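In the working numbering, the protein residues as written are 626 to 767.
This is the structure we're talking about:
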């Protein structure tokens, strides 16, 4: 698997992947208004890492590097369970300069379990447009 920097040529593929992954993983939300272009707004100002496996773009992670904030991590539903998310997360974690942070929707139990398995800790809860979320931290060890 290769984790590399995003290029503009990735946009059409990652738009489709982003929409498919949200519809697959966030089934409790109304997805009727979601569009391919939603991806563009989500990654604005972020450093984006792309995972490629067997010649396919299979996932991406978007990070606000100045804040050590993992904003997005999505894996193509057809490629989930093959280590793509773990590889992206490991890449992101190596870039953190202090404690990492992310928000995970409370109803997204699979994602919470994934992050907890990788050493993240739930530190707070909040409310967003998509519903309640947990704030998670990844403390750097020295």
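We put the beta carbon where it would ideally sit given N, CA and C, even for glycine.
A quick note: this is a predicted structure, and the numbers were derived from the prediction, not measured.
Separation of residue j from residue i, as counted between CA atoms
| i | j | result |
| --- | --- | --- |
| residue 738 | residue 715 | 16 Å |
| residue 745 | residue 719 | 14 Å |
| residue 627 | residue 708 | 12 Å |
| residue 747 | residue 731 | 11 Å |
| residue 819 | residue 729 | With the chain running from 626 to 767 in the structure shown, residue 819 is simply not present. |
| residue 685 | residue 639 | 8 Å |
| residue 703 | residue 733 | 18 Å |
| residue 691 | residue 723 | 10 Å |
| residue 630 | residue 649 | 25 Å |
Where residue i falls, given that 16 or more other Cβ within 10 Å makes a residue buried
| i | result |
| --- | --- |
| residue 634 | exposed |
| residue 676 | buried |
| residue 681 | exposed |
| residue 701 | buried |
Contacts around residue i, its chain only, beta-carbon distance under 6 Å, and the 5 residues preceding and following it disregarded
| i | result |
| --- | --- |
| residue 694 | 726 |
| residue 740 | 761 |
Own chain residues within Cβ distance below 8 Å of residue i, not counting five before or after
| i | result |
| --- | --- |
| residue 721 | 693, 763 and 765 |
| residue 753 | 728 and 730 |
Identified DSSP bridge partners for residue i
| i | result |
| --- | --- |
| residue 679 | Note: residue 679 sits in no beta bridge, so no partner. |
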